[in-house]
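Accompanying notes for the structure given below.
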Ligand SMILES: *[C@@H]1O[C@H](CO)[C@@H](O)[C@H](O)[C@H]1NC(C)=O
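Numbering (my numbering), first residue to last: 73 to 351.
Encoded structure:
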């Protein structure tokens with residue numbers, strides 16, 4: 073699972089901005105055929121040995137490459153927006169005011185409060201210089217914890233804050249799924265990808281098989297050398313799309329599950345399809 077927890081909301085805004093920019097340039101794919109053609113090109117690029125199949129490791133490489141590119145672009149964009157004078161650092165006060173503004177206390181402010189607290193905690197974790205200001209490297213860690221050990225603890229805490237609804241220090245399967253999917257009515261049959269997420273939880277994340285993720289298992293999940301977000305996303309896509317169960321994906325299998333790929337960091341949630349440098 074790619075955590076859809078609240079702390080990624082800022083990135084979402086950045087992604088929407090990017091989408092608008094791409095639409096303005098006329099670069100947005102405009103038909104299903106076009107989207108499939110572009111996705112097919114991404115598959116070709118990911119198929120490093122050109123054998124017509126994507127292995128798990130080629131899938132991981134693919135997702136890793138797109139994610140790194142996304143992080144670079146995302147940090148550049150926000151850095152410029154927050155810091156047009158390109159100072160060496162951005163102060164917390166400037167960040168908070170630019171992102172959240174100030175105004176009368178209202179519902180929006182109330183909602184912002186928890187986001188601000190969350191950002192504040194992350195900011196402090198990223199602020200290795202302890203000067204309330206983040207330089208570009210620190211700011212990268214603030215936005216994207218993936219490769220930053222200093223951020224591990226705060227991310228762990230955010231995951232438990234978000235997912236561990238009964239506060240027992242463990243994440244159960246229903247808690248894990250609740251973050252992603254809430255049926256409109258109890259009688260509703262959950263979509264197929266929910267079953268796949270269940271498999272990821274049971275087969276890969278819950279290593280001791282007790283039906284709960286304890287702290288060590290969550291650490292393993294978010295660790296770059298453990299299963300990791302990229303790896304669990306690769307596993308997820310493989311489970312979802314591997315129609316004949318040979319642990320490899322053909323282009324046809326990918327294109328059959330186009331939605332799974334468009335809702336994935338593998339395509340930067342679709343955006344990588346209209347960035348020429350990716351194709
Ligand atoms: C950049 O520096 C100027 C002058 O010191 C300051 O007024 C401005 O707030 C700074 N910008 C940021 C983003 O910190």
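Just so it is clear, CB atoms sit at the ideal spot from N, CA and C, and this is done for glycine as well.
Neighbourhood of residue i by C-beta distance below 6 Å, restricted to the same chain and skipping five residues each side
i	result
residue 223	197, 213 and 217
residue 331	none
residue 194	214 and 226
residue 311	268 and 271
residue 349	none
residue 170	154
residue 315	325
Same chain only: Cβ atoms within 7 Å of residue i, ignoring 5 sequence neighbours per side
i	result
residue 227	217 and 294
residue 290	228, 231 and 243
residue 302	132, 135, 136 and 139
residue 403	Absent from the structure is residue 403, since the part of the chain shown begins at 73 and ends at 351.
residue 261	none
residue 245	270, 273 and 283
residue 405	In this structure the chain extends from 73 to 351, so residue 405 is not present and cannot be described.
residue 337	74, 135, 138, 139 and 305
residue 168	188
residue 322	124 and 125
residue 200	210 and 222
Residues near residue i in its chain [Cβ-Cβ closer than 8 Å; skip 5 each side]
i	result
residue 162	151, 154, 155, 205, 206 and 211
residue 241	232, 286 and 287
residue 339	111, 114, 138, 333 and 345
residue 143	212, 215, 216 and 218
residue 127	319 and 320
**Request:** Could you name the residues whose beta carbon sits closer than 5 Å to any heavy atom belonging to ligand 1, keeping them in chain order?
**Result:** 155, 157, 159, 162, 163 and 166
**Segment contact, 8 Å Cβ cut-off, at least three pairs: the stretch 126-137 with the stretch 156-175** = no
**Message:** Could you tell me which whole beta strand (DSSP E) segments of length 3 or greater appear in the stretch 205-293?
**Reply:** 205-207
**Message:** Please give the ranges of any beta strand (DSSP E) in the stretch 113-188, keeping only runs that are unbroken, at least 3 residues long and fully inside the region.
**Reply:** 161-163
**Prompt:** Using 8 Å as the Cβ pair cut-off and three pairs as the minimum, do the stretch 321-341 and the stretch 104-117 touch?
**Reply:** yes
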